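Asks: Attaching a single structure in structure tokens format; questions to follow.
There are 2 protein chains.
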Amino acid sequence: MYQQRIVIDGLQYCNWNREYFQTLKASGITAVHATAVYHETARETLSRFAEWNLRFEQNADLIMPIHSMADVETAKATGKVGIFLGAQNCSPIDDEIGLIEVMRKQGLLIMQLTYNNQSLLATGCYEKNDTGITRFGKQAIEEMNRVGMIIDMSHSAERSTLEAIDLSSRPICISHANPTFAHDALRNKSNDVIKALTARGGLIGFSLYPFHLPNGSQCTLEDFCQMVATTADMVGVEHLGIGSDLCLNQPQAVLEWMRNGRWSKAMDYGEGSVNNSGWPDALPWFCGSSGMENIYNGLMRHGFSESEAGQVLGENWFNFLKDGLEPQSKG
Amino acid sequence: MYQQRIVIDGLQYCNWNREYFQTLKASGITAVHATAVYHETARETLSRFAEWNLRFEQNADLIMPIHSMADVETAKATGKVGIFLGAQNCSPIDDEIGLIEVMRKQGLLIMQLTYNNQSLLATGCYEKNDTGITRFGKQAIEEMNRVGMIIDMSHSAERSTLEAIDLSSRPICISHANPTFAHDALRNKSNDVIKALTARGGLIGFSLYPFHLPNGSQCTLEDFCQMVATTADMVGVEHLGIGSDLCLNQPQAVLEWMRNGRWSKAMDYGEGSVNNSGWPDALPWFCGSSGMENIYNGLMRHGFSESEAGQVLGENWFNFLKDGLEPQSKG
Chain A
0 MYQQRIVIDG LQYCNWNREY FQTLKASGIT AVHATAVYHE TARETLSRFA
50 EWNLRFEQNA DLIMPIHSMA DVETAKATGK VGIFLGAQNC SPIDDEIGLI
100 EVMRKQGLLI MQLTYNNQSL LATGCYEKND TGITRFGKQA IEEMNRVGMI
150 IDMSHSAERS TLEAIDLSSR PICISHANPT FAHDALRNKS NDVIKALTAR
200 GGLIGFSLYP FHLPNGSQCT LEDFCQMVAT TADMVGVEHL GIGSDLCLNQ
250 PQAVLEWMRN GRWSKAMDYG EGSVNNSGWP DALPWFCGSS GMENIYNGLM
300 RHGFSESEAG QVLGENWFNF LKDGLEPQSK G
Chain B
0 MYQQRIVIDG LQYCNWNREY FQTLKASGIT AVHATAVYHE TARETLSRFA
50 EWNLRFEQNA DLIMPIHSMA DVETAKATGK VGIFLGAQNC SPIDDEIGLI
100 EVMRKQGLLI MQLTYNNQSL LATGCYEKND TGITRFGKQA IEEMNRVGMI
150 IDMSHSAERS TLEAIDLSSR PICISHANPT FAHDALRNKS NDVIKALTAR
200 GGLIGFSLYP FHLPNGSQCT LEDFCQMVAT TADMVGVEHL GIGSDLCLNQ
250 PQAVLEWMRN GRWSKAMDYG EGSVNNSGWP DALPWFCGSS GMENIYNGLM
300 RHGFSESEAG QVLGENWFNF LKDGLEPQSK G
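Going down the list, the sequences are from chains A and B.
The first sequence lines up with residues 0 to 330 when you count with numbering that gives the first Met the number 0.
The second sequence lines up with residues 0 to 330 when you count with numbering that gives the first Met the number 0.
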């Protein structure tokens with residue numbers, strides 16, 4: 000039964016307000032990884048945390064902050080939606096290694112090493128030249144391992160991603176991307192990456208963002224489930240989750256902040272183009288409160304057992320995060 | 000027995016290093032309120048937290064961070080020195096109300112509303128005109144009450160202090176200052192303030208900083224105990240603690256940062272003067288590892304019962320903090 004499941008969405012960046020929290024609650028979702036920052040500095044990140052604190056205070060009947068998987072169990076038991084925060088870029092730590100622990104204590108559970116561009120830590124997936132993990136990047140990986148902050152390489156380039164998998168002493172994730180075998184895009188991941196990631200215990204969350212899918216906004220639920228099934232055949236179902244990349248009700252300004260930050264004077268269209276510069280149309284089977292349940296049922300129609308469908312819908316994320324968020328033991 | 004006591008020093012700002020942590024451990028102290036910042040902005044405060052995280056990591060055999068009084072009990076049981084962090088000014092929140100909760104979550108348990116000068120929240124004790132609690136200050140007091148961050152008015156002016164006592168729905172503290180009846184100084188507190196503070200459940204920590212004491216560095220232990228006894232007669236022993244203001248091994252640069260921050264082009268000498276611009280000489284009976292024990296024994300020689308001496312040495316701080324650090328209950 001879907002209603003009994005721990006359901007986790009490994010990435011969303013919707014316009015977070017009370018109405019949307021009600022939609023989330025109605026969806027039966029247990030916990031959502033919410034993007035707190037894209038390009039914000041350490042100081043700006045504090046303001047994003049302050050905004051989230053206010054949302055938690057004002058919507059305490061609907062949502063609760065997640066700092067550990069025990070909190071997810073509390074959310075499930077009390078019928079609230081758990082929210083855990085992450086950064087799509089390493090900007091929250093500025094150039095300071097000690098801010099990894101500071102941000103982790105504040106509740107930043109997941110951090111990408113890059114967002115499309117070269118960062119101080121690694122190379123992003125839109126750069127022409129991928130020079131791998133930087134000197135600071137190696138230190139940051141070790142420190143993230145130590146404090147239990149999850150490394151996410153969703154927007155990173157191939158070499159950097161493979162090096163991060165190798166350098167990290169703990170499994171890492173690609174929270175939201177699809178295999179290039181399903182749709183060839185710079186943001187999607189090669190079989191080499193997916194195999195290396197999962198061989199080390201890592202997790203990939205399948206994206207529902209139309210730019211990452213075969214046939215874009217016309218991608219069917221069946222096509223999506225076929226992609227999941229082929230990946231499961233390749234690396235095993237226990238390494239798979241959902242990271243929907245769902246973005247609802249955001250204004251164009253947020254899309255432009257995501258794509259341009261402060262780094263470009265010219266408009267950068269990311270995965271879009273000058274003639275297709277807006278948000279892509281949402282998938283009709285993944286835009287309201289029944290998206291996760293649709294996938295759950297779709298996977299079972301496609302031949303997954305109910306237990307396997309439950310793993311993909313949230314149990315795998317739960318186990319991955321439970322291990323990954325613990326501070327590293329000494330000795 | 001001193002060794003069985005919970006001993007708490009309500010303010011120190013020594014040069015924090017391994018050697019000093021060993022001195023602290025040898026002193027039998029259970030927990031110390033350490034000043035993390037004087038004038039640092041929110042961003043700079045994060046770097047101070049990062050430095051403290053590194054100290055906790057590298058000296059885990061000697062010290063541990065305190066976030067609640069349960070941690071103090073753990074420190075006592077494991078023979079470690081607990082450290083809790085505070086700010087001597089409201090600079091860590093910049094101009095943003097939401098940063099109070101952010102800083103509290105990071106481990107900033109105590110914050111002064113002012114440090115000698117006018118701040119965004121209140122008036123400091125060296126200003127000529129004391130205009131009381133500001134508009135932002137009223138909001139900040141309410142928010143500090145809500146999240147369980149202790150309000151400290153040690154360096155604030157009289158009217159501002161009386162208003163803060165009145166506006167706060169929870170008891171506040173003067174972590175480190177002495178009564179003006181013992182030594183008349185701008186940094187010390189009138190009987191009116193001490194009576195109003197304690198009538199509302201607040202606590203005053205007696206300072207060992209020579210500039211706050213009768214006869215400065217020549218103040219005797221007996222003089223100190225007489226001051227404590229007179230205050231106890233006035234407001235009751237349960238409102239009294241120690242906030243030594245002890246500063247050991249700090250370079251002149253730290254004194255200048257305390258006094259001048261970034262606000263003055265001319266050198267400000269604080270409680271010193273152009274001919275007396277350095278650190279005052281420490282008290283011979285309160286500079287090594289036996290200072291707190293000396294006070295404990297001194298108080299008993301002066302007529303305090305062992306139980307009362309234990310209250311002053313730490314039990315009163317423990318009870319005050321235990322109540323004050325809990326987030327405010329709703330409704």
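Don't be surprised by glycine CBs; every beta carbon is placed ideally from N, CA and C.
Remember, it's a predicted structure, so these values are computed and weren't measured experimentally.
Which residue comes first and which comes last in the alpha helix (DSSP H) that contains residue 239/A?
Replies: Careful: residue 239/A lies outside any alpha helix (DSSP H), inside the beta strand (DSSP E) at 239-241.
Asks: Quick one: Cα of residue 6/A to Cα of residue 274/A, how far?
Replies: 37 angstroms
Asks: Are there 16 or more other CB atoms within 10 angstroms of the CB of residue 63/B, so buried, or fewer, so exposed?
Replies: buried
Asks: Where do the N-terminal and C-terminal ends of the alpha helix (DSSP H) with residue 180/A fall, by residue?
Replies: Element bounds for residue 180/A: n/a, residue is neither H nor E.
Asks: Drop a sphere of 10 angstroms on the beta-carbon of residue 330/A, count the other beta-carbons inside from all chains shown, and report buried for 16 or more, exposed for fewer.
Replies: Low local confidence applies: a pLDDT of 49 at residue 330/A is under 50, so the model's placement there is unreliable, with the coordinate-based value given in what follows. Counting Cβ neighbours within 10 Å, residue 330/A comes out exposed, since fewer than 16 surround it.
Asks: Are the beta-carbon atoms belonging to residue 121/A and residue 71/A less than 7 angstroms from one another?
Replies: By the CB criterion at 7 angstroms, residue 121/A and residue 71/A fall outside the cutoff.
Asks: If I follow the unbroken alpha helix (DSSP H) through residue 322/A, where does it start and stop?
Replies: 315-323
Asks: Based on the DSSP secondary-structure assignment, which residues constitute the bridge partners of residue 81/B?
Replies: 30/B and 63/B
Asks: Is the Cβ-Cβ distance between residue 324/A and residue 81/A less than 7 angstroms?
Replies: no
Asks: Do the CB positions of residue 191/B and residue 172/B come within less than 7 angstroms of each other?
Replies: no
Asks: Could you tell me whether the Cβ atoms of residue 61/A and residue 32/A are closer together than 7 angstroms?
Replies: no
Asks: Is residue 286/B buried or exposed, if buried means 16 or more other CB atoms sit within 10 Å of its CB?
Replies: For residue 286/B, the number of other beta carbons within 10 angstroms of its own is below 16, and it is reported as exposed.
Asks: Show which residues of chain A have a CB atom less than 7 angstroms away from the CB atom of residue 105/B.
Replies: 101, 104 and 105
Asks: Kindly list the residues whose CB is nearer than 7 angstroms to the CB of residue 261/A, restricted to its own chain and excluding five residues on each side of it in sequence; keep chain order.
Replies: 38
Asks: I'd like to know whether the C-beta of residue 45/A is nearer than 7 angstroms to at least one C-beta of chain B.
Replies: yes
Asks: Put residue 275/B into one of helix, strand or coil per three-state DSSP.
Replies: strand
Asks: Within this structure, are the beta carbons of residue 252/B and residue 301/B separated by less than 7 angstroms?
Replies: no
Asks: When the cut-off is 7 angstroms and only beta carbons count, does residue 330/A lie next to chain B?
Replies: Caution is warranted here: a pLDDT of 49 is assigned to residue 330/A, below 50, making its placement in the model unreliable, and no coordinate value can be reported.
Asks: Residue 13/B by DSSP, collapsed to three states: which one?
Replies: coil
Asks: Can you find a C-beta in chain A that's less than 7 angstroms from the C-beta of residue 41/B?
Replies: Residue 41/B counts as touching chain A.
Asks: Please specify which runs of the beta strand (DSSP E), each continuous and at least 3 residues long, are wholly inside the region 87-133 of chain A, giving them in chain order.
Replies: Listed in chain order, they are 107-111.
Asks: Can you give me the C-alpha to C-alpha distance between residue 17/B and residue 312/B, rounded to a whole angstrom?
Replies: 24 angstroms
Asks: Here's a check: name, in chain order, each residue in its chain whose Cβ is nearer than 7 angstroms to the Cβ of residue 206/B, leaving out the five neighbours to either side.
Replies: Excluding residues within five positions, the ones whose Cβ falls inside 7 angstroms are 175, 176, 177, 242, 243 and 244.
Asks: With DSSP collapsed to three states, give me the class of residue 306/A.
Replies: It is helical.
Asks: For residue 130/B, count neighbouring Cβ atoms within 10 angstroms of its own Cβ and tell me buried if that reaches 16, exposed if not.
Replies: exposed
Asks: Name the one or two DSSP bridge partners that residue 205/B has.
Replies: 241/B
Asks: Residues of chain E with CB under 9 angstroms from residue 16/A, in chain order?
Replies: Among the protein chains of the structure shown, namely A and B, there is no chain E.
Asks: Just tell me which of 303/B, 110/B and 162/B has its CA closest to the CA of residue 195/B.
Replies: 162/B
Asks: Quick one: what does DSSP say residue 224/B is sitting in, helix, strand or coil?
Replies: helix
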